[in-house]
Amino acid sequence: MKKKCHINFLTLVVLGLMSAISGCSSSGSMTDDPASASGAEASGDLDGKKVFSSLSELNYSPTAEGAYKISPNDLISINVFRVDELSGKTRVDQNGRISLPLIGVMSVAGLTQQQLEKKLAQKLSQTYLQNPQVSVFVEEQTSKEVTVGGRVKKAGVFPLKSATTVSQAVAMAGGLSDLADPARVVLFRPKDNGHFKAYHLNLKAIREGKMRDPYIQGKDQVIVHESGSRLWIGRVVNVTRGLISPFSF
C-alpha cells in the first residue's frame, strides 16, 4: 500500500508541473494581427492611451473623398457630343490653364469635373452651339501623392494618377523587403494642426481577404515596420504627437 501511495503522489507532482509549464507557454504567445492580437501592440494602447485611430474612419470606396479639384499638370479628357473638333485630351499647364479650339485659353485649376463641364457648356452656348452636351474626365491626377517608407524595396514619394489602395501603394515602392513585417504597416494621415493620425494595417490579412484595403488620400504616408522591432509603437506615438516625421523611420 505504501508503494502505491508513493507512485500516486509522484504522478500528481508531474501533472502539476506540466500544467504550470503549459500555462506559461500559452500566456506568452501573441500575434501581430490587429484583428486577433492581445496586449498594447494589438489594441494600440500605450500607457493607457489610444495610439491608433479606428479603421472605420478610412475610405474603402475610390469616390469616398468627394469631388476632385483639377490641378496643374493634370491630364483631362473633354468630350463635346457630336463635335469631334472640340473633343480630345489636354494637359493643364503649370499656371492651371488649358487651350481649346474656339474657346482659347481658360483657367481650370481649382474646378471640379462638374464645374468645368458647366463652364465649357456656357462658353460654347454663347457663340457656337445650342444646348451643348459636355463631359469631362480627369485621366491623371498629378496633385495627389503618397509617401511609402520603412522596410520596402524602393522608398519614396509616388504620384497618384488614379484611385490607389494601401497595398497598391506598397507595390509601387517595390513591395516589402526581407526584413518587413506585413502585420506592422501604419498609414499616417495628416491633420490640420500638422500632426498625424495613425492607422494600424495588416497587409497579410488584406491579401487573405480578412481585412479591407483602404484607399489613399493625397499626402498620406505609409510606413512598413521591421519584423521583431520592439520600438515601433513608441515611434508611432512620436509621429502622432508631431515630434518626428513618419518618413524618419
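In terms of the numbering used here, the sequence shown opens at residue 2 and continues consecutively. Beta carbons are placed, not taken as given, at the ideal position from N, Cα and C, and that holds for glycine.
- CA-to-CA, the gap between Q123 and V137 works out to about 14 Å.
- Three or more beta-carbon pairs separated by less than 8 Å are not found between the stretch 69-85 and the stretch 229-240, which leaves the two stretches without contact.
- Straight-line spacing of the CA atoms in G105 and N80 works out to 16 Å.
- The C-alpha of S163 lies about 28 Å from the C-alpha of P133.
- Under the DSSP definition of a beta bridge, K70 partners with T113.
- For S178, no pairing in a beta bridge is given by DSSP.
- For the pair P160 and K51, the Cα-to-Cα distance works out to about 31 Å.
- CA-CA distance, L59 to I217, rounds to 9 Å.
- Residue nearest to K155 within the set I224, S55 and G111 is I224 (criterion: CA-CA distance).
- Across the structure, N194 and T91 are spaced so that their CA atoms are roughly 36 Å apart.
- Rounded to the nearest angstrom, the gap between the Cα atoms of V84 and S108 is 22 Å.
- For G157, the pairing in a beta bridge is given by DSSP as V149.
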